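Mapping the sequence shown onto our numbering, position 200 (from 1) lands on 204, and the numbers just tick up by one.
Don't be surprised by glycine CBs; every beta carbon is placed ideally from N, CA and C.
These numbers come from a predicted model, not from an experiment.
Structure record follows, encoded as structure tokens.
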Amino acid sequence: MINMKTTHNILFQDARDLKEVPSESVDLVVTSPPYPMIEMWDEMFSHQNPEIQDALAGGDGNQAYTLMHEILDSVWDEVFRVLKKGRFACINIGDATRTVKSNFCLYPNHARILTHLLKVGFSALPDILWRKQANTPNKFMGSGMLPAGAYVTLEHEYILIVRKGSKREFKTEAEKANRRESALFWEERNVWYSDVWTDIKGTEQKLPKAMSRLRSAAFPFELASRLINMYSVKGDVILDPFLGTGTTTAAAMTSGRNSIGVEIDNGFQQVICPIVHHIVDFSNGYLSDRLLRHYAFVENRIQNSGALKYTNKHYGCPVVTSQEQFIFLNNLETIQACGDNIFEVVYSTKSQDWDFKRPSEVLVADKMKLHTRPSQLNMLKTQ
Ligand SMILES: C[S@@+](CC[C@H](N)C(=O)[O-])C[C@H]1O[C@@H](n2cnc3c(N)ncnc32)[C@H](O)[C@@H]1O
Numbered sequence: 005m006i007n008m009k010t011t012h013n014i015l016f017q018d019a020r021d022l023k024e025v026p027s028e029s030v031d032l033v034v035t036s037p038p039y040p041m042i043e044m045w046d047e048m049f050s051h052q053n054p055e056i057q058d059a060l061a062g063g064d065g066n067q068a069y070t071l072m073h074e075i076l077d078s079v080w081d082e083v084f085r086v087l088k089k090g091r092f093a094c095i096n097i098g099d100a101t102r103t104v105k106s107n108f109c110l111y112p113n114h115a116r117i118l119t120h121l122l123k124v125g126f127s128a129l130p131d132i133l134w135r136k137q138a139n140t141p142n143k144f145m146g147s148g149m150l151p152a153g154a155y156v157t158l159e160h161e162y163i164l165i166v167r168k169g170s171k172r173e174f175k176t177e178a179e180k181a182n183r184r185e186s187a188l189f190w191e192e193r194n195v196w197y198s199d200v201w202t203d204i205k206g207t208e209q210k211l212p213k214a215m216s217r218l219r220s221a222a223f224p225f226e227l228a229s230r231l232i233n234m235y236s237v238k239g240d241v242i243l244d245p246f247l248g249t250g251t252t253t254a255a256a257m258t259s260g261r262n263s264i265g266v267e268i269d270n271g272f273q274q275v276i277c278p279i280v281h282h283i284v285d286f287s288n289g290y291l292s293d294r295l296l297r298h299y300a301f302v303e304n305r306i307q308n309s310g311a312l313k314y315t316n317k318h319y320g321c322p323v324v325t326s327q328e329q330f331i332f333l334n335n336l337e338t339i340q341a342c343g344d345n346i347f348e349v350v351y352s353t354k355s356q357d358w359d360f361k362r363p364s365e366v367l368v369a370d371k372m373k374l375h376t377r378p379s380q381l382n383m384l385k386t387q
């Protein structure tokens, strides 16, 4: 049976030295570092190595880029140390374009990070290209309509996926049962394991004015949640060494995983605490949405292609494959602080009392009664 409590630890410190985290104790890393050569992070990097400020002031873009990555390298070394064998790291990173001393060029952050990850000993796996929906489709850089001087607009980021050692094994009956409960729906698998994600919008920075000195660049909740569900099972330990606003912690809580978040700027405490207070309602709403999307899919599929062969044992709803029969999304019951920046979440082991034979519109109405639910985690962050 799965562990029905999870623990979430937030450490306000520099992730270049994670001595509080034992070697080979983490099951998955989901993170997004500050992006080298993106101006909003210049100060953050320079603070950690003042030579970066000198390099930028002297117009030496390549030197600044190298020094910024050396800071990240130390964190990737720690990530390798703390991960258990057979476990994954998923790193969201965008390249940067910048003009230094009148020379416009691309700083290929994703390639530089991947090169270091391979040097440390990780194996690379197929990555995900996150194509953000553009706000202004006609924007261009360079000489506009005149050939040979215009630049392609950078509207994608990467999610690098690497593994430490060979494939994870699930040996005991309990491990296998937990893995089956942690499975994804067939229709989710088809979208989530695609190598291009186009359906997730970037998150705007919406920090309250009083916190405007904080640099956030939060990634969307959906991005962290998908990766956690794709690359870990319930009860695993998820680490984010660049926690920012706490998105990974929130996604781990929602998915029944434990977590450790590390953030150098303790100002983020003011952002993370309100999220914690709303997480039960938010998570239960998110989990209900997953189930409702599955109902809608099933209704459609049955109408178009006839009955499905399998039934989920917990919800009594049809599923496409035998692997989906034991999927169970644990609703959150309570969250409690149990120490400085340590939170414990308790989950329900009962499935929601919904009749899956009712049409999905009726279920949506039922669900609205059950949960007052902000549609985006971002809304919580600004409360
Ligand atoms: C791109 S943001 C992460 C945003 C996060 N994914 C979210 O959803 O809010 C990078 C974060 O890394 C933090 N950071 C930078 N250098 C760090 C270091 N050496 N150790 C720990 N955190 C660091 C920054 O303060 C910033 O909050």
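Exercise for the section: Indicate the three-state DSSP secondary structure (helix, strand or coil) for Leu-122 in the structure shown. Expected result: Along the sequence shown, read from residue 1 onward, the residue named residue 122 stands at position 118. It is helical.
Exercise for the section: Tell me Ser-29's beta-bridge partners as DSSP assigns them. Expected result: In the sequence shown, the residue the question calls residue 29 occupies position 25. Per DSSP, none; premise fails for Ser-29.
Practice task
Report yes or no: do the segment 61 to 75 and the segment 193 to 207 share at least 3 C-beta pairs separated by less than 8 Å?
Solution key: no
Practice task
Flag this pair as yes or no: are the beta carbons of Ser-352 and Glu-337 separated by less than 8 Å?
Solution key: Position 348 of the sequence shown, counted from the first residue, corresponds to residue 352. Position 333 of the sequence shown, counted from the first residue, corresponds to residue 337. Cβ atoms of Ser-352 and Glu-337: closer than 8 Å.
Problem - Closest Cα partner of Phe-16 within the set Gly-153, Gly-265, Met-41 - result: Reading the sequence shown from its first residue, position 12 is the one you call residue 16. That would be Gly-265, whose Cα lies nearest to the Cα of Phe-16.
Exercise for the section: Output the distance between the C-alpha atoms of Leu-118 and Gln-307, rounded to the nearest integer angstrom. Expected result: Within the sequence shown, numbered from 1, the residue matching residue 118 stands at position 114. Within the sequence shown, numbered from 1, the residue matching residue 307 stands at position 303. About 45 Å.
Practice task
State the Cα-Cα distance for the pair Lys-88 and Ile-276, rounded to the nearest angstrom.
Solution key: Your numbering for residue 88 matches position 84 in the sequence shown. Your numbering for residue 276 matches position 272 in the sequence shown. Here the alpha carbons of Ile-276 and Lys-88 stand approximately 27 Å from one another.
Handout entry: Check: Arg-91 C-beta below 7 Å from any heavy atom of ligand 1
Key = Within the sequence shown, numbered from 1, the residue matching residue 91 stands at position 87. Every heavy atom of ligand 1 is 7 Å or more from the Cβ of Arg-91, so no.
Practice task
Return yes when the C-beta of Pro-54 is under 7 Å from any heavy atom of ligand 1, and no when it is not.
Solution key: To locate residue 54, count along the sequence shown from 1; it is residue 50. Incorrect: Pro-54 has no Cβ contact closer than 7 Å to ligand 1.
Practice task
Under the assumption that Asn-233 contacts Leu-188 (Cβ atoms under 8 Å), give the Cβ distance between them as a whole number of angstroms.
Solution key: Position 229 of the sequence shown, counted from the first residue, corresponds to residue 233. Position 184 of the sequence shown, counted from the first residue, corresponds to residue 188. Between Leu-188 and Asn-233 the Cβ distance is about 6 Å, and since that is below 8 Å, they are a contact.
Handout entry: Opening and closing residue of the beta strand (DSSP E) in which Ile-268 lies
Key = As a working note, residue 268 is residue 264 in the sequence shown. Neither: Ile-268 is in no beta strand (DSSP E) and is coded neither H nor E.
Handout entry: Minimum length 3: unbroken beta strand (DSSP E) runs contained in the segment 151 to 201
Key = 160 to 168
Exercise for the section: Compare the C-alpha of Pro-38 against each of Gln-57, Ala-222, Ile-14, Ala-300 and name the closest. Expected result: In the sequence shown, the residue the question calls residue 38 occupies position 34. Looking only at Gln-57, Ala-222, Ile-14, Ala-300, the smallest Cα-Cα distance to Pro-38 is reached by Ala-222.
Problem - Three-state class that DSSP yields for Asn-308 in the structure shown - result: Locating residue 308 in the sequence shown gives position 304, counting from the first residue. Here Asn-308 sits in helix by DSSP.
Problem - Limits of the alpha helix (DSSP H) - the one that Val-79 falls within - result: Within the sequence shown, the letter at position 75 stands for residue 79. Note, Val-79: alpha helix (DSSP H), 65 to 86.
Handout entry: Inter-residue spacing [alpha-carbon to alpha-carbon] between Leu-122 and Leu-133
Key = Position 118 of the sequence shown, counted from the start, is the residue given in the question as residue 122. Position 129 of the sequence shown, counted from the start, is the residue given in the question as residue 133. Using only the alpha carbons, I get a separation of about 19 Å.
Practice task
Within 10 angstroms of the Cβ of Ser-106, are there 16 or more other Cβ atoms? Answer buried if so, exposed if not.
Solution key: Start at 1 with the first residue of the sequence shown, and residue 106 comes out as number 102. Exposed.
Exercise for the section: Verify the contact flag: Arg-172, CB atom, against every heavy atom of ligand 1, threshold strictly below 7 Å. Expected result: The residue given as residue 172 occupies position 168 in the sequence shown. Because no heavy atom of ligand 1 lies under 7 Å away, the Cβ of Arg-172 does not count as near it: no.
Practice task
Please determine if the segment 241 to 252 and the segment 99 to 113 are in contact, where contact requires at least 3 C-beta pairs separated by less than 8 Å.
Solution key: Taking 8 Å as the limit for Cβ pairs, the verdict is that the segment 99 to 113 does not touch the segment 241 to 252.
Exercise for the section: Answer yes or no: do Ile-165 and Asp-199 have a C-beta to C-beta separation smaller than 8 Å? Expected result: Position 161 of the sequence shown holds residue 165. Position 195 of the sequence shown holds residue 199. Taking 8 Å as the Cβ cut-off, Ile-165 and Asp-199 do not qualify as a contacting pair.
Exercise for the section: Using 10 angstroms around the beta-carbon of Cys-418, count the other beta-carbons present and answer buried if the total reaches 16, otherwise exposed. Expected result: This structure cannot speak to residue 418, because the chain is shown only from 5 to 387.
Exercise for the section: For Val-350, collect the residues of the same chain with a Cβ closer than 7 Å to its Cβ; drop the 5 residues on either side in sequence, then sort them by chain order. Expected result: Working through the sequence shown from its first residue, we reach residue 350 at position 346. Met-8, Lys-9, Glu-337, Thr-338.
Problem - Beta-carbon contacts of Asp-390 that lie in its chain and below 7 Å, excluding the five residues immediately before and after - result: Since the first and last residues shown for the chain are 5 and 387, residue 390 lies out of range.
Practice task
Return yes when the C-beta of Glu-161 is under 7 Å from any heavy atom of ligand 1, and no when it is not.
Solution key: For the purposes of this step, residue 161 is taken as residue 157 along the sequence shown, with counting starting at 1. Relative to ligand 1, the beta carbon of Glu-161 is positioned no closer than 7 Å to any heavy atom.
Handout entry: ligand 1 heavy atom lying under 7 Å from the CB of Val-30
Key = Residue numbering aside, residue 30 sits at position 26 when the sequence shown is read from its first letter. Not so, every heavy atom of ligand 1 lies at least 7 Å from the Cβ.
Handout entry: Reference Gly-98, options Ile-75, Glu-74, Tyr-162, Gly-153, closest by Cα
Key = Your numbering for residue 98 matches position 94 in the sequence shown. Taking only the C-alpha atoms, the option nearest Gly-98 is Tyr-162.
Practice task
Give the straight-line distance between the Cα atoms of His-12 and Arg-91, rounded to the nearest whole angstrom.
Solution key: To locate residue 12, count along the sequence shown from 1; it is residue 8. To locate residue 91, count along the sequence shown from 1; it is residue 87. The straight-line gap from Cα to Cα measures roughly 19 Å.
Exercise for the section: Per DSSP, which residues does Leu-129 bridge with? Please list them. Expected result: As a first step, residue 129 must be located in the sequence shown, where it is residue number 125. Answer by DSSP bridge pairing, in chain order: Ile-165.
Practice task
Consider the C-beta atom of Arg-102 and the heavy atoms of ligand 1; say whether any pair is separated by less than 7 Å.
Solution key: Walking along the sequence shown from the start, residue 102 turns up at place 98. Incorrect: Arg-102 has no Cβ contact closer than 7 Å to ligand 1.
Problem - As assigned by DSSP and simplified to three states, the class of Pro-278 - result: The count along the sequence shown starts at 1 and reaches residue 278 at position 274. Here Pro-278 sits in helix by DSSP.
Practice task
Output yes or no for whether 8 Å exceeds the beta carbon distance between Glu-179 and Phe-301.
Solution key: For the purposes of this step, residue 179 is taken as residue 175 along the sequence shown, with counting starting at 1. For the purposes of this step, residue 301 is taken as residue 297 along the sequence shown, with counting starting at 1. No, they are not a contact pair.
Handout entry: Nonlocal neighbours in the same chain, by C-beta distance under 6 Å from Arg-184, ignoring five residues either side
Key = Against the sequence shown, residue 184 aligns to sequence position 180. Cβ within range, chain order: Phe-330.
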